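Written out below as structure tokens is the structure these notes cover.
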Amino acid sequence: MDRSIGARTYRLALRVFRLFPRSVRRITVRTVSPSYTVGAICVIERPDGAILLVRQAYRKKWGIPGGLLKRGEAPEVGARREVFEEVGIAVELVGPPAVVVDADPQRVDVVYRARPVALSEIGEVRPTSPEIVEVKWFAPDALPELQFETAEAMVALARVRATHTIDPAAAEKHLD
1 MDRSIGARTY
11 RLALRVFRLF
21 PRSVRRITVR
31 TVSPSYTVGA
41 ICVIERPDGA
51 ILLVRQAYRK
61 KWGIPGGLLK
71 RGEAPEVGAR
81 REVFEEVGIA
91 VELVGPPAVV
101 VDADPQRVDV
111 VYRARPVALS
121 EIGEVRPTSP
131 EIVEVKWFAP
141 DALPELQFET
151 AEAMVALARV
161 RATHTIDPAA
171 AEKHLD
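Under the UniProt record's numbering, residues 1 to 176 are what the sequence shown spells out, in order.
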């Protein structure tokens with residue numbers, strides 16, 4: 001009996017909550033919900049399969065280009081911006097992204113597979129940000145010691161690529 005009273009009270013509260021203006025509902029949800037930082041990172045591949053890695057000034061192990069999104073910035077825009085800021089190349093995002101959620105530091109990373117737009121830029125990649133001290137292409141079977149977040153992102157992206165069976169066009173028609 002106690003559970004049904006609780007369930008009815010909860011449903012009533014949701015109905016009342018729905019009557020509030022959208023802005024009030026949004027503020028309420030943001031106030032009581034945990035906040036996460038959201039970043040966008042890219043696994044950049046050359047045509048021969050080599051992967052671009054960066055060493056940051058404040059980290060010992062190698063990582064992939066990327067960083068935090070600006071307020072209101074779309075993840076795909078932030079991913080391309082971060083790559084350009086860190087290594088000075090324009091990239092094309094390829095395929096569906098993966099998402100990595102890490103509850104402990106309250107971090108969400110949107111992980112993209114990418115390739116350089118201009119093949120002429122492949123050989124001349126170098127740091128273009130003070131936070132990056134080294135940039136290098138690595139064969140997939142010869143990767144150096146990776147940051148935990150980078151390894152986690154690569155695994156998540158590989159899983160998405162292996163299991164991607166939904167045709168985006170089939171879902172996009174429902175967005176109108």
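Every residue, glycine too, gets a C-beta built ideally from N, C-alpha and C.
The structure displayed is predicted, hence computed values, not measured ones.
Assigned secondary structure, residue i (DSSP; H/G/I helix, E/B strand, else coil)
i, result
"V117", "coil"
"L69", "coil"
"Y112", "strand"
"I41", "strand"
"D141", "helix"
"G63", "strand"
"R55", "strand"
"A103", "coil"
"A79", "helix"
"A151", "helix"
"A13", "helix"
"A7", "helix"
"A98", "strand"
"V125", "coil"
"R26", "helix"
"F20", "coil"
"L157", "helix"
Nearest to residue i (by Cα), restricted to the options the options
i, options, result
"L53", "T28, R22, T163 and I122", "I122"
"E76", "Q56, F17 and A98", "A98"
"V108", "L93, R81 and G66", "G66"
"P34", "D104, K70 and L69", "D104"
"Q106", "Y36, A139, F17 and E149", "Y36"
"A79", "R113, F20, D102 and R26", "R113"
"G39", "D102, L14 and R159", "D102"
"K70", "R81, K61, K60 and A118", "R81"
"R115", "E131, A90 and G6", "A90"
"W62", "F17, S120 and V133", "V133"
"G49", "T163, E85 and D141", "D141"
"L68", "L14, R55, E85 and Y10", "E85"
"R161", "G72, L12 and P96", "P96"
"A139", "P21, I51 and R15", "I51"
Pairwise C-alpha distance: residue j and residue i
i, j, result
"V100", "I44", "17 Å"
"residue 179", "V111", "Outside the shown range of the chain (1 to 176) lies residue 179, about which nothing can therefore be said."
"S129", "V94", "24 Å"
"R126", "V135", "6 Å"
"residue 187", "P144", "The question about residue 187 has no answer here: the residues shown for the chain are numbered 1 through 176."
"R30", "P47", "43 Å"
"I41", "E149", "10 Å"
"T28", "R8", "21 Å"
"L19", "R25", "9 Å"
Counterpart residues of residue i in DSSP-defined beta bridges
i, result
"E92", "R115"
"I132", "Q56"
"L146", "W62"
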